[in-house]
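Participant:
Numbering (the numbering used here), first residue to last: 918 to 1021.
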């Protein structure tokens, strides 16, 4: 079974306690596939975090990118979180492990 890692790179950033994930597809076909598979609901379920709001997805076809915003994912942010990954950098690797449908 293929994963997001086979088709894209993921970068992450933070704004307060909000995690921002950028999925950068390697080509147009990968962008099309990921746009269909990575819905806001699928990403929310993959992370299974106690968020303070819904996951928001933005498509940037000119850049072959998908941006996901996960409010409250960082538990208070860099200065307010007791977790080791206050910036959410390790969380980007978790999205790379997302398994895509068997026929991809």
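Just so it is clear, CB atoms sit at the ideal spot from N, CA and C, and this is done for glycine as well.
Small disclaimer: the values here were computed from a predicted structure and weren't measured.
#1: Using a Cβ-Cβ cut-off of 6 Å (strictly less than) and excluding sequence neighbours within five positions of residue 981, which residues of its own chain qualify?
#2: With a threshold of 6 Å on Cβ separation, who are the neighbours of residue 1001 within its own chain once the five nearest residues in sequence on each side are excluded?
#3: Quick check: residue 929 and residue 1016, are their CB atoms within less than 8 Å of each other?
#4: Determine the direct distance from the alpha carbon of residue 979 to that of residue 973, and round the result to whole angstroms.
#5: Tell whether a beta-carbon distance below 8 Å holds between residue 991 and residue 950.
#6: What are the boundary residues of the alpha helix (DSSP H) that includes residue 951?
#7: Thinking residue 976 and residue 952 are a contact (beta carbons under 8 Å), I'd like their distance in whole angstroms, please.
#8: Could you compute how far the alpha carbon of residue 967 sits from the alpha carbon of residue 958?
Facilitator: So, from the data block:
#1: 942 and 948
#2: Low confidence applies to residue 1001: its pLDDT is 49, below 50, so where it sits in the model is not reliable, and the reading given next is rough at best. Nothing meets the Cβ criterion.
#3: no
#4: 19 Å
#5: no
#6: 945 to 954
#7: 6 Å
#8: 14 Å
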